[in-house]
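**Student:**
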Amino acid sequence: ILEEEEDVLMRVIKKVKADFEKAAKDMRKLKTRPDDEELKEPYGLYKQSVIGDVDTECPGLLNLKGKAKWEAWNLNK
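Counting from 568, one number per residue, gives the positions in the sequence shown under our numbering.
Have a look at this one:
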C-alpha cells in the first residue's frame, strides 16, 4: 500500500508542478499587461513558490519598484 500511496503522491506533485508552470506561462502571454498593482500578488506568489522566503534586504526608499516587489514577495513567507 505504501508504494501505491507514493505513486499517487508523485502523480499529484507532477500535476501541481505542470499546472504551476502553465499558469506562469499564461501570465506571460496575456494580451494586455496588468498594471503594477495587479502584478504584485502573482509576483510575490511566484517568487515564494520558486525561490522560497525572500533572501535579500529590502531595497531603499528611492528604489520604489524594487521595494514594492520585495514587499509583495515578503508577504508570502
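Even glycine gets a Cβ: it sits at the ideal position worked out from N, Cα and C.
Since the model is a prediction, treat every value here as computed from it, not as a measurement.
Please state the DSSP three-state secondary structure of residue 624.
**Tutor:** Indexing the sequence shown from 1 puts residue 624 at position 57. Residue state, collapsed to three classes: coil.
**Student:** Buried or exposed, going by whether 16 or more other CB atoms sit within 10 Å of the CB of residue 619?
**Tutor:** For the purposes of this step, residue 619 is taken as the residue at position 52 of the sequence shown. Result: exposed.
**Student:** Which same chain residues, not among the five before or five after residue 594, have their C-beta less than 7 Å away from its C-beta?
**Tutor:** To locate residue 594, count along the sequence shown from 1; it is residue 27. These residues qualify, in order along the chain: 609.
**Student:** Does DSSP classify residue 593 as helix, strand or coil?
**Tutor:** Reading the sequence shown from its first residue, position 26 is the one you call residue 593. Residue state, collapsed to three classes: helix.
**Student:** Considering only C-alpha positions, which residue in the set 628, 591, 598 is nearest to residue 611?
**Tutor:** Taking the first residue of the sequence shown as position 1, residue 611 is located at position 44. Taking only the C-alpha atoms, the option nearest residue 611 is 591.
**Student:** Once the 5 residues before and after residue 632 are set aside, which same chain residues still bring their CB inside 8 Å of it?
**Tutor:** Here residue 632 corresponds to residue number 65 of the sequence shown, with the count starting at 1. Contacts found: 603.
**Student:** Assuming residue 647 contacts residue 615 under a Cβ cut-off of 8 Å, what Cβ separation, rounded to an integer in Å, is found between them?
**Tutor:** With the chain represented from 568 up to 644, any question about residue 647 goes unanswered, as that position is not in the structure.
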